[in-house]
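Only one structure is covered here, and it is reproduced in the block below.
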Amino acid sequence: MQHRKYKRAVVWFRTDLRIADNSALAAAVETADEVIPLFVLDRSILDRADTGLARVIFMLDALKHLDANLRSRGSRLFLRQGVAPDEAIRAVRELEADAVFFNRDYEAYARTRDDSFTREMKNHGVTVTAFDDYVLHDPGEVLTQAVGFYTVFTPYKRSWFERPVSQPVSAPTRIHSPNDILSADIPTAKDMGLSTLQHFECGGENAASALLSQFVAQSLQDYPEQRDVPGVAGTSHLSKHLHFGTISPRTIFSAVNGKSGSDVFLNEIAWRDFYVQVMYNFPHVEVGSFKRDLNNIEWTGGDSWFDAWVAGQTGYPIVDAAMRQLRDEAWMHNRCRMIVASFLTKDLLIDWRRGELYFMQMLVDGDKAANNGGWQWSAGTGTDAQPYFRIFNPVSQGEKFDPRGEYVRKYIPELAKVPDKYVHKPWLLSPTEQAYVGCRIGIDYPAPIVDHAVQRTAALALYKRAASISHQNTV
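Residue 143 in my numbering sits at position 142 of the sequence shown, with consecutive numbering throughout.
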């Protein structure tokens, strides 16, 4: 047998839990005699404030499916438990590998981890090769001619669409791995003492592929019209698979490009890339506003309002339905994410970072860059943000995107018999009408905890005051 460039290569899996269109895995299989697929289960992530149990449970299931797909190719997933990158470094040494391949992560923590790992490998004569597989175009690829990095989405999108996209690479048919290496078993959620009342679909790479095929066949054509309607199944639900890499953005692009509805759908993939490059190039957004002057906002909303928002008990049906969906399903429709974020920041006057953190704790598809970008857009503090003076009216948003109240009634059974005309403003029903439909405001369902018109005025004052303070500090 002709020997390849490397005798033994480790493929370090992280947020790329698939074998199809995996650049790191493909390169290792092409250039190494033996390939060792490695995953380091870092239990310390459970101690992070922004760790969501739903995501951990989804990840463990995806690892199980990845292992099964590797075994069907003659390999397996070798699991180590410990703090990364220390455990990865130890594994490479013990395995006597002469090369390591991985696909890049872009969060600040991941970049520090990978830089430390790469330096250590170089000191020991191990070749490290990294690829950009998490996004369609990496954070340094789509640039302006003048200042470099885009901070406005529309021109970024134009440049993004103009760039060529390579075809996805097929999964390797055979992976040669040594059979004498010890590996820990992949734990289940029960093994790790994890449980949640949230209900969501798991499944790894094969499930992601089936979901994509179903979306293209059934929903893509109508996506431009239905994507903003939370009461219909008009979105792809691929976000959790993109986050964990059980499907690649190239695979999605290849499947939808050129088909009816694809341009609007691919805008969402472009937004994902955009927010990754924002966080990569402007890391201060991880802890504060992109527009630094808006760090001066003196948020006045209290804990009782936040608790009502979390519980889906604000008295505004579209907000409450969305928050209950998040609580029950670990997911929320994107239009509703914007509505509830605007409500928290501009009606309840609560710091967007509290909402951002809560979403990360609850969402199965919680992605740091996209979640941060979405919250800052809604709060008016981010790059390319919704202007702070544009404030969603929760009643009119509900009436526009859920006109018959189908979404609201699904998650708020208290409103099941309320007529369409009042389903987004049930407090306008007379006491007699409330008794007739079985929904007494203040008893069966809460009255609005704030007056939107009053809070809108207060929000505008908060934002103007913050901008004024910033201006005074720079004069």
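C-beta: ideal position from N, C-alpha, C; glycine also. Please read all numbers here as calculations on a predicted model, not as lab measurements.
Cβ atoms of Ala271 and Trp161 come within 8 Å of each other, at about 5 Å. Listed in chain order, the non-local C-beta contacts of Arg441 below 7 Å within the same chain comprise Gln435, local neighbours out to five positions each way being set aside. Here the alpha carbon of Glu202 sits roughly 14 Å from the alpha carbon of His66.
Ala256: member of the alpha helix (DSSP H) spanning 250–257, first to last residue. Note that the region 88–96 does not touch the region 227–237; fewer than 3 beta-carbon pairs, one per stretch, sit closer than 8 Å. With 16 or more other Cβ atoms from the protein chains shown falling within 10 Å of its own Cβ, Thr346 counts as buried. Separation of Ile182 and Leu80 (C-alpha to C-alpha, rounded to the nearest whole angstrom) is 11 Å.
Here the region 67–74 does not lie against the region 150–157, with fewer than 3 beta-carbon pairs under 8 Å apart. At the C-beta level, Thr247 and Arg19 come within 8 Å of one another.
Taken through DSSP and simplified to helix, strand or coil, Trp378 comes out as helix. For Arg228, the closest of Gly262, Ala218, Gly375 by C-alpha to C-alpha distance is Gly262.
The beta-bridge partner set that DSSP reports for Glu35 consists of Arg9. Between the region 50–61 and the region 159–178 there are fewer than three C-beta pairs closer than 8 Å, too few to call the two in contact. Inter-residue distance for Phe402 and Gly141 is about 37 Å (C-alpha atoms, whole angstroms).
Nearest in C-alpha terms to Asn104, of all of Ala131, Pro447, Asp421, Asp51, is Ala131. Residue pairing from DSSP places Val129 in a beta bridge opposite Val101.
Shown here, Val311 sits in a helix according to DSSP, grouped into three states.
When Arg410, Asn335, Arg120, Trp300 are compared, the shortest CA-CA separation from Leu461 is found for Trp300.
Of all alpha-carbon atoms in Asn296, Ala370, Trp376, Gly232, the one lying nearest the alpha-carbon of Gln326 is that of Gly232. Listed in chain order, the alpha helix (DSSP H) runs fully inside the region 300–377 are 304–312, 318–330, 335–343, 353–363, counting runs of at least 4 residues. Closest in C-alpha terms to Ala371, from the list Lys241, Val257, Val129, comes Lys241. Looking at Thr189, Gln456, Lys260, the one whose alpha-carbon comes closest to that of Ala218 is Lys260.
Closest option to Ile450, judged by alpha-carbon separation, among Gly313, Met122, Val419, Thr52: Gly313. If you ignore the 5 residues before and after Asp368, its C-beta comes within less than 6 Å of the C-beta of His244, all in its own chain and listed in chain order.
By alpha-carbon distance to Phe307, the top candidate from Val277, Arg293, Arg354, Glu330 is Arg354.
Rounded to the nearest angstrom, the gap between the Cα atoms of Gly204 and Trp428 is 42 Å. Per the Cβ contact rule, the region 183–203 is not in contact with the region 290–304 (fewer than 3 Cβ pairs under 8 Å). If you draw a straight line from the Cα of Val136 to the Cα of Asp294, it is about 30 Å long. Beta-carbon to beta-carbon, Leu430 and Pro318 are separated by about 12 Å, too far to satisfy the 8 Å threshold. If you check the CB distance, Glu287 and Asn373 come in under 8 Å. Counting every other CB atom within 10 Å of its CB across the protein chains shown gives Glu31 a total below 16, marking it as exposed. As the crow flies, the alpha-carbon of Leu463 is around 54 Å from that of Ala185. The C-alpha of Val41 is placed about 20 Å away from the C-alpha of Asp133. Straight across, the Cα-Cα distance linking Asp115 with Phe393 is about 41 Å. Cβ atoms of Phe254 and Leu267 come within 8 Å of each other, at about 7 Å. In this structure, Ala27 lies near Pro173, with their beta-carbon atoms less than 8 Å apart.
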